[in-house]
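Peer 1:
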Amino acid sequence: MSNSTLVAVADAPLAPATWSALAAAVAPATLDAPAIGHGARAAVAAVVDSRADAVALRQRVAIALGDAAVDLAVRGPTARPARLVVMDMDSTAIAIEVIDELARVHGVGPAVAAITEQAMRGELDFEASLRARVAQLAGLPVAELDALAARLPLSPGMSTLVEGCRARGVRLAIASGGFTFAAEALGARLGLDHVEANRLARADGRLTGEVVGPVVTAARKAAIVDELAARFGLDLAEVVAIGDGANDRAMLARAGLGVAYRAKPALRAAADATIDHGGLDHALAFLA
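Numbering (the numbering used here), first residue to last: 5 to 292.
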């Protein structure tokens, strides 16, 4: 039997009623009240035997807090201080979905959106959906990719997260079901340690509508976590993964701490930590 650590982060002081709800949810543990705004921590006294129990504890605390603007993590009994953060890119590290932007520029936005809807209904898996959407981009000038890569908007708090990780000696990587042209541009811009994504085939200065090589699927994202941990000599318990969609679930489960960032409900329910209110900088409070 082991204890876990609850981390609660808010950008503004909490109302007394919110503090009372938070304290009641973790009783008989106590909270470090002066730390709120930078991360309030408590060694949870309830018996937590597994990661699943830790996730359940976070869910109970979230219910107790209701609509309060508090982001939560429960670091389970096997979690260790982070030395590597592996992130999804689209709608996580950056504030857009790259394929939607390319589709808009190419005038095929509705067609791509229809394929996305098919995938959401379970009619297509991720790989089939990606290949079908990429096929709609055939003929798009490569110059449009370069223009988008130069103006990728970072998600709120991403710059602070990068700076904070660098100050702590924590490595950063991107594992994306998106595209290499964007991931590599982001990696160069932020000084990331590794990026992996899907490469779009090109010919005569235009996209062919095909993906080169294997697609970065959910299983591949989880494998990237394993490979990077081995490459840097880390235990998986020292890895944090951050994502927003179903394609990130295996990656979050593989890492020592899985963070759902403004995520779909299914991923949020399964994650060790959730960021629904603040920016990615809130993840800094979850690393130690």
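Yeah, the Cβ is synthetic: ideal placement off N, Cα and C, and Gly gets one too.
Here the structure is a predicted model, which is why all the values come from computation and not from measurement.
Quick one: what's Leu3 bridged to in DSSP?
Peer 2: Past the boundaries of the shown model lies residue 3; the chain is included only from 5 to 292, so the question cannot be answered.
Peer 1: Under the three-state reduction of DSSP, which class applies to Val138: helix, strand or coil?
Peer 2: Here residue 138 refers to the residue found at position 134 when the sequence shown is read from its first residue. Reduced to three states, the DSSP call for Val138 is helix.
Peer 1: Using beta-carbon positions only, say whether Phe185 and Ala153 come within less than 8 Å of one another.
Peer 2: Numbered from 1 along the sequence shown, position 181 holds the residue referred to as residue 185. Numbered from 1 along the sequence shown, position 149 holds the residue referred to as residue 153. In contact: Phe185 and Ala153 (Cβ atoms closer than 8 Å).
Peer 1: Within a Cβ cutoff of 8 Å, which residues of the same chain sit near Arg84, ignoring the five residues on either side of it in sequence?
Peer 2: The residue given as residue 84 occupies position 80 in the sequence shown. Closer than 8 Å at Cβ, skipping near neighbours: Asp239, Ala241, Glu242 and Gly260.
Peer 1: What residue range does the alpha helix (DSSP H) around Ile67 cover?
Peer 2: What you label residue 67 is simply residue 63 of the sequence shown in a count that begins at 1. Arg55 to Leu69 is the span of the alpha helix (DSSP H), which, as asked, contains Ile67.
Peer 1: Considering only residues of the same chain and omitting the five flanking positions on each side of Gly209, which have a CB-CB separation below 7 Å?
Peer 2: Counting from 1 along the sequence shown, the entry for residue 209 is found at position 205. Result list for Gly209: Pro145 and Val146, in chain order.
Peer 1: Specify the secondary structure class of Ser133 as computed by DSSP and reduced to three states.
Peer 2: Translated into positions along the sequence shown, residue 133 becomes position 129. Helix.
Peer 1: Tell me Ile279's beta-bridge partners as DSSP assigns them.
Peer 2: Mapped onto the sequence shown, residue 279 falls at position 275. Partner(s): Tyr265.
Peer 1: Thinking just about the alpha-carbon of each residue, which of Leu190, Arg266 and Arg175 is nearest to the one in Gly182?
Peer 2: One-based indexing of the sequence shown puts residue 182 at position 178. For Gly182, the nearest C-alpha among the options comes from Leu190.
Peer 1: Could you check the C-alpha separation between Asp285 and Ala56 for me, to the nearest Å?
Peer 2: What you label residue 285 is simply residue 281 of the sequence shown in a count that begins at 1. What you label residue 56 is simply residue 52 of the sequence shown in a count that begins at 1. Those two C-alpha atoms are separated by around 25 Å.
Peer 1: How big is the Cα-Cα spacing for His198 and Arg258?
Peer 2: By one-based count along the sequence shown, residue 198 stands at place 194. By one-based count along the sequence shown, residue 258 stands at place 254. Their backbone Cα atoms lie some 18 Å apart in a straight line.
Peer 1: Could you name the residues that DSSP lists as bridge partners for Glu200?
Peer 2: Within the sequence shown, numbered from 1, the residue matching residue 200 stands at position 196. DSSP, once it has assigned bridges, lists Ala179 as partnering Glu200.
Peer 1: Return the Cβ separation of Leu88 and Val220 in integer angstroms, given the expectation that the two are a contact with Cβ distance under 8 Å.
Peer 2: Numbered from its first residue, the sequence shown carries residue 88 at position 84. Numbered from its first residue, the sequence shown carries residue 220 at position 216. Contact doesn't hold; Cβ gap of about 18 Å is too wide.
Peer 1: Report the rounded CA-to-CA distance for Asp276 versus Ser163, giving the unit in angstroms.
Peer 2: The count along the sequence shown starts at 1 and reaches residue 276 at position 272. The count along the sequence shown starts at 1 and reaches residue 163 at position 159. One C-alpha to the other measures close to 23 Å.
Peer 1: State yes or no: is the C-beta of Gly283 within less than 8 Å of the C-beta of Ala267?
Peer 2: Taking the first residue of the sequence shown as 1, we reach residue 283 at position 279. Taking the first residue of the sequence shown as 1, we reach residue 267 at position 263. Taking 8 Å as the Cβ cut-off, Gly283 and Ala267 do not qualify as a contacting pair.
Peer 1: Which residues bound the beta strand (DSSP E) around Glu214?
Peer 2: Here residue 214 corresponds to residue number 210 of the sequence shown, with the count starting at 1. Element bounds for Glu214: Arg210 to Val216.
Peer 1: Please return the same chain residues whose Cβ sits closer than 8 Å to the Cβ of Leu348, not counting the five positions on each side in sequence.
Peer 2: In this structure the chain extends from 5 to 292, so residue 348 is not present and cannot be described.
Peer 1: Just the C-alpha distance for Ala107 and Ile119, rounded to the nearest angstrom, thanks.
Peer 2: Indexing the sequence shown from 1 puts residue 107 at position 103. Indexing the sequence shown from 1 puts residue 119 at position 115. Answer to the nearest angstrom: the Cα atoms are 12 Å apart.
Peer 1: Return the CA-CA distance between Val215 and Leu10, expressed in angstroms with no decimal places.
Peer 2: Residue 215 sits at position 211 when you count from the first residue of the sequence shown. Residue 10 sits at position 6 when you count from the first residue of the sequence shown. Those two C-alpha atoms are separated by around 42 Å.
Peer 1: Quick one: Cα of Asn202 to Cα of Ile67, how far?
Peer 2: Sequence index remark: in the sequence shown, residue 202 carries index 198 (1-based). Sequence index remark: in the sequence shown, residue 67 carries index 63 (1-based). When rounded, the distance between both Cα atoms is 38 Å.
Peer 1: Is Ala12 buried or exposed, if buried means 16 or more other CB atoms sit within 10 Å of its CB?
Peer 2: In the sequence shown, residue 12 corresponds to position 8, counting from 1. Counting Cβ neighbours within 10 Å, Ala12 comes out buried, since at least 16 surround it.
Peer 1: What would DSSP say about Arg206, mapped onto helix, strand or coil?
Peer 2: If you number the sequence shown from 1, residue 206 lands on position 202. Residue state, collapsed to three classes: strand.
Peer 1: Just tell me which of Ala14, Ile103 and Gly161 has its CA closest to the CA of Gly213.
Peer 2: Locating residue 213 in the sequence shown gives position 209, counting from the first residue. Residue Ile103 is the option with its Cα nearest to Gly213.
Peer 1: How long is the line joining the alpha carbons of His42 and Cys169, rounded to whole angstroms?
Peer 2: As a position in the sequence shown, residue 42 is number 38, starting the count at 1. As a position in the sequence shown, residue 169 is number 165, starting the count at 1. Its pLDDT being 47, under 50, His42 is placed unreliably by the model, and the measurement read from it follows with that caveat. For His42 and Cys169, the distance between alpha carbons rounds to 15 Å.
Peer 1: Please report the Cβ distance between Val1 and Val59, rounded to the nearest whole angstrom; I am assuming they are in contact, meaning their Cβ atoms lie under 8 Å.
Peer 2: Limits of the chain in this structure are 5 at one end and 292 at the other, which puts residue 1 out of reach.
Peer 1: Going straight from the alpha carbon of Phe236 to that of Ala177, what length do you get?
Peer 2: The residue you call residue 236 lines up with position 232 of the sequence shown. The residue you call residue 177 lines up with position 173 of the sequence shown. One C-alpha to the other measures close to 12 Å.
Peer 1: Considering only C-alpha positions, which residue in the set Leu69, Ile228 and Asp15 is nearest to Ala21?
Peer 2: Position 17 of the sequence shown, counted from the first residue, corresponds to residue 21. It is Leu69.
Peer 1: Out of Ala97, Val78 and Leu76, which has the shortest C-alpha to C-alpha gap to Ser159?
Peer 2: The sequence position of residue 159 within the sequence shown is 155, counting from 1. For the residues Ala97, Val78 and Leu76, the minimum Cα distance to Ser159 belongs to Ala97.
Peer 1: Can you tell me which of the three DSSP states Ile228 falls into?
Peer 2: The residue labelled residue 228 in the question sits at position 224 within the sequence shown. Helix.
Peer 1: Looking at C-alpha atoms only, which residue of Ala207, Leu149 and Ala171 is the closest neighbour of Glu188?
Peer 2: The sequence position of residue 188 within the sequence shown is 184, counting from 1. That would be Leu149, whose Cα lies nearest to the Cα of Glu188.
Peer 1: Sorted by chain position, which residues of the same chain lie with C-beta nearer than 8 Å to Val229's C-beta, five sequence neighbours on each side aside?
Peer 2: Reading the sequence shown from its first residue, position 225 is the one you call residue 229. Same-chain partners within the cutoff: Val90, Ala179, Leu240, Val243, Ala245, Met255, Arg258 and Ala259.
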